[in-house]
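Please read the structure below before turning to the comments.
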Amino acid sequence: MVTGFVGRTRELADLDYVLDQVRNPTSERPGKAIALRGRRRVGKSRLVTEFIERAGVPSLYFLADGSRPEIEQRRLLETVAASGLPGADAAGYAVAGSWHDALTVLALALPRDQVSIVVLDEVSYLTGDPGFEGALQGVWDTRLSALPVLLLLVGSNRSEMERLTSHGRPFYGRSVDKEIHPLTPQDVASMTGLDPAQAIDAYLVTGGLPPLVTAWKPGQSVADYLADGLSTSVSTLVVSGERVLSSEFPAETQAKDVLRAIGADARTFTTIGQAAQVDQRASLSRSLDVLVERRVVAVDEPLSTKPAHHKQYRIEDPYMRFWLAFLHDAADLIDAGRGDIVTQRIERGWSTWRGRAVEPVVRRLLWERALDDALVPASTVVGGWWNRKGDIEVDLVGADRRPARTVTFVGSIKWRETAPFDLRDAAELVNHRDNVPGAERTTPLIAVSRAGGGIEGITVLSPSELLA
């Protein structure tokens, strides 16, 4: 099990860079603001807490909880009063009648001659109050930006956080936007001590979410990790998925049904509607739009020189994909003494599920390699290709852009436990290349194989080369 704070070197360096700008201002207004967004459980709060501890400067951390505005304002004043900031004592006697009042009290409590950090966490709860954004803009312009303060606005609702700083909103142009992503497969490999193939499998199960990755004992197999996680209905592995559903879609039953259908591997508009039992196209479109806007579902389109719009939908977060496929009812089954049903479900479906779930992960890793690595043909975009019927699918297509002017490579993913990429796989890949518009007989062929392999004329990449 991983203990202490690990990883996030780049993110901490970015925060340090902006804090240094506050320390060494180039204008009369040294204050800086960063809007940090990222999905739930990705480690945003832990990151800013670690940053504050390392910075060693006066700070205030406020966590909104979705209460009524007047309660949130009172809680902010109480947090200021207990903060130990230079002007904190006055906050104990203050009464906030508005967000402008509460934020002004905060500004008055901050030091004038020393750098400080203010964190407003889960700020997307506050943006639901029509008065908050205007008050934040007003107090920032008149008071906060004139102080040596770094203001961190943290939120899990990514679409709402994007709107907070978008054109036409009060705080537009006043902050730097930064998204906090899950840990990478490389991070997972480093933290768990697993070999590259097992580390990618671990990434598929955990999604790179820090609470799940840090629970992984060094060198522990996927099977043993799952056995630990399924030993109780209150484990992070079991409960995190339901928490995401409850927080993201508290009253949107149909969106949840559509999400579950996609999690059960319905990928096209028609099959999703059938699985979710949504007959009206307009209604299904609205639900899909909500899921895509909130970054829970991703949309893929075939990549080639011939534009095609037969979309496929998938769960964006690997952990949620795993949870929806195998763990959606695990808590109830474990409490009923039937955790064995969940275990058997995973054992039956793991190989097929893993083969599909690893595809977007491999595409991302290949894209990273293709940007600056001679091993993979230079490509700006890496995707896949399929025909309208869905009976021909090509796992990997590299291109110079989307839609492509040039197809740079065509490839296959074989994520089998022990069987390497073989001659039969190679023949299938050659045939698939002929189907991709823009691919030619000279277009390079690539295979990504969990168990390796060596075929003349095809570049076969192993997990270790993906994570290099």
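Residue numbers (the numbering used here): 1403 to 1870.
Here a beta-carbon is modelled for each residue, glycine too, at the ideal position from N, C-alpha and C.
Between the C-alpha atoms of residue i and residue j, what's the straight-line distance to the nearest angstrom?
i     : j     : result
V1517 : P1432 : 9 Å
G1741 : G1643 : 17 Å
D1491 : A1483 : 6 Å
S1526 : V1556 : 8 Å
V1624 : S1866 : 18 Å
D1579 : P1587 : 24 Å
E1654 : S1689 : 9 Å
Q1746 : L1729 : 12 Å
A1537 : L1512 : 18 Å
E1430 : V1424 : 11 Å
P1427 : L1462 : 21 Å
Considering only C-alpha positions, which residue in the set the options is nearest to residue i?
i     : options                    : result
A1710 : G1840, N1559, E1472        : G1840
N1833 : V1796, Q1475, G1741        : V1796
T1873 : S1561, G1557, S1592        : Nothing about residue 1873 can be read from this structure; the chain reaches only from 1403 to 1870.
T1672 : L1767, A1457, H1712, S1706 : H1712
R1871 : S1633, R1723, R1645        : As displayed, the chain neither begins before 1403 nor continues past 1870, which places residue 1871 out of reach and without an answer.
D1793 : K1816, G1785, G1570, N1837 : N1837
L1396 : I1519, Y1527, G1489        : With the chain covering only 1403 through 1870, there is no way to say anything about residue 1396.
F1534 : D1523, D1515, S1500, V1551 : S1500
L1508 : R1807, L1478, Y1495        : L1478
R1790 : V1778, T1861, Q1714        : Q1714
L1528 : N1559, T1544, P1513        : N1559
A1504 : V1646, P1471, K1619        : P1471
A1733 : T1638, D1418, R1696        : T1638
L1553 : P1532, R1576, S1469, L1773 : R1576
R1514 : P1460, L1566, V1497        : P1460
L1863 : V1699, R1803, V1764        : V1764
DSSP puts residue i in a beta bridge; with which residues?
i     : result
I1794 : According to DSSP, I1794 bridges with nothing at all.
A1849 : S1814, V1862
R1716 : A1700
S1518 : V1551
A1801 : V1783, V1809
H1462 : The sequence as given places Leu at residue 1462; His does not occur at that position. Note: L1462 sits in a beta bridge opposite V1520.
G1557 : R1439
Please classify residue i: does DSSP put it in a helix, a strand, or coil?
i     : result
L1566 : helix
T1861 : strand
F1823 : coil
I1436 : strand
I1582 : coil
D1467 : coil
M1788 : The question names Met, but residue 1788 in the sequence shown is Trp. Correct three-state label for W1788: strand.
G1540 : helix
Y1495 : coil
Y1627 : helix
L1508 : helix
L1705 : coil
V1615 : helix
With a 10 Å radius around its C-beta and 16 neighbouring C-beta atoms as the bar for buried, classify residue i as buried or exposed.
i     : result
D1731 : exposed
L1735 : buried
I1454 : buried
I1519 : buried
Y1574 : exposed
R1852 : buried
E1842 : exposed
T1844 : exposed
V1551 : buried
I1582 : buried
For chain D, is any of its Cβ atoms less than 7 Å away from the one on residue i?
i     : result
R1716 : No chain D appears in this structure, which consists of one protein chain only.
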